[in-house]
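Undergrad: Quick note: the sequence shown, position 183, residue 257 per our numbering, numbers continuous. Backbone N, C-alpha and C fix where the C-beta goes; we use that ideal spot for every residue, glycine too. Would you mind keeping the following structure in view while I ask a few things?
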Amino acid sequence: NISQNAKKVVFVGTFTAGGLNVSITEGKLHIHQDGKEKKFIKQVEQKTFSGLLAAQNHKPILYVTERCVFNLTAEGMELIEIAPGIDLQKDIFDQMDFRPIVKGTPKLMDARIFRSDPMDLKNELLTIPLEERLIYDAKENIFFVNFENLSIRSLGDIEKIRTLIREILGPLNKKVNTIVNYDNFNILPDLIDDYTDLINHVVQYYEDVTRYTTSAFLRMKMGDELEKRNLAPYIYESPEEAHQALKKSKSNWRG
């Protein structure tokens, strides 16, 4: 069975079957009619997945329903989350043929699930915090700036970058070599001037700097803005080119 051999399994479905009727009001789940058939029972007709084997192999197994979430442990199924508005006894325990493990009070499921506005999952799953995008390698004296997939949407974003760079490089009392990754970097057009002013400010900390992006448009646009401010305008197409350029650089240009 494919699921048995998976490294992690998340089973998703309704808590009961056959006539289940639910609604969401003001961020809470309401069960108007439960299904006629229970799903969490002691015995099944056919086994296509062995929870016992999965638990013995320490595989992460989750059971996600509209009203709660279970985690499979060596001791059995543990109730770890419950939907807002759900009655633990009536809506969960009474609808099961066995009692799940409960350690303390189960936490509430993510409130965003029960709201109609966007959950902003893309930002949560893909966005790297600015603090983790700015890394200084003291041994090599190289400052790595990872702006891949970063979106600049406000002056506040720009000022945060300025502050973080100052906090990291200011106390060093020496200039650093810098590599900036601009792959899939995105910025609102009316913020480009402010951003290039930021670049003009932070180069005071740089001995040399190379930048790269696979976007021809961004290379052209940012290159033009850098040139207007008498900063090195060339932006490389790959990290390999940027690294090589930094290693070979013997001049004192800054950008």
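Does the beta-carbon distance from I253 to L320 come in below 8 Å?
TA: Contact: yes.
Undergrad: Counting pairs of beta carbons, one from the stretch 243-250 and one from the stretch 307-317, are three or more of them closer than 8 Å?
TA: The answer is no - the stretch 307-317 does not touch the stretch 243-250, with fewer than three Cβ pairs under 8 Å.
Undergrad: For M294, which residues from the same chain have a beta carbon less than 8 Å from its beta carbon, with the 5 sequence-adjacent residues on both sides left out?
TA: Around M294: no qualifying Cβ.
Undergrad: Where does the unbroken alpha helix (DSSP H) through Y310 begin, and where does it stop?
TA: Counting along the chain, Y310 falls outside any alpha helix (DSSP H), and DSSP gives it neither H nor E.
Undergrad: Would D88 and T139 be called neighbours here (beta carbons separated by less than 8 Å)?
TA: For clarity, residue 88 is Thr in the given sequence; the question names Asp instead. Cβ distance < 8 Å, so T88 and T139 count as in contact.
Undergrad: Let me know the secondary structure DSSP gives Y269 once reduced to three states.
TA: Three-state result, Y269: helix.
Undergrad: What residue range does the alpha helix (DSSP H) around T179 cover?
TA: Counting along the chain, T179 falls outside any alpha helix (DSSP H), and DSSP gives it neither H nor E.
Undergrad: Curious, which full-length alpha helix (DSSP H) runs of at least 4 residues does the stretch 75-139 contain?
TA: Complete alpha helix (DSSP H) runs here, min 4: 76-79, 125-130.
Undergrad: Note down the Cα distance separating E100 from Q163, rounded to an integer number of angstroms.
TA: The alpha-carbon atoms of E100 and Q163 are separated by roughly 22 Å.
Undergrad: Using the Cα positions of K81 and N131, report the straight-line distance between them to the nearest angstrom.
TA: Spanning the two alpha carbons is a distance of roughly 10 Å.
Undergrad: Whole-angstrom Cβ separation of M193 and A157, contact assumed at under 8 Å?
TA: Rounded, the Cβ-Cβ distance is 15 Å, inconsistent with contact.
Undergrad: Whose C-alpha, out of D271, N223, F217, is nearest the C-alpha of E198?
TA: Checked all of D271, N223, F217; the closest Cα to E198 is N223.
Undergrad: Out of G244, D268, Y269, which one is the CA nearest neighbour of Y279?
TA: Checking every option, the nearest Cα to that of Y279 belongs to G244.
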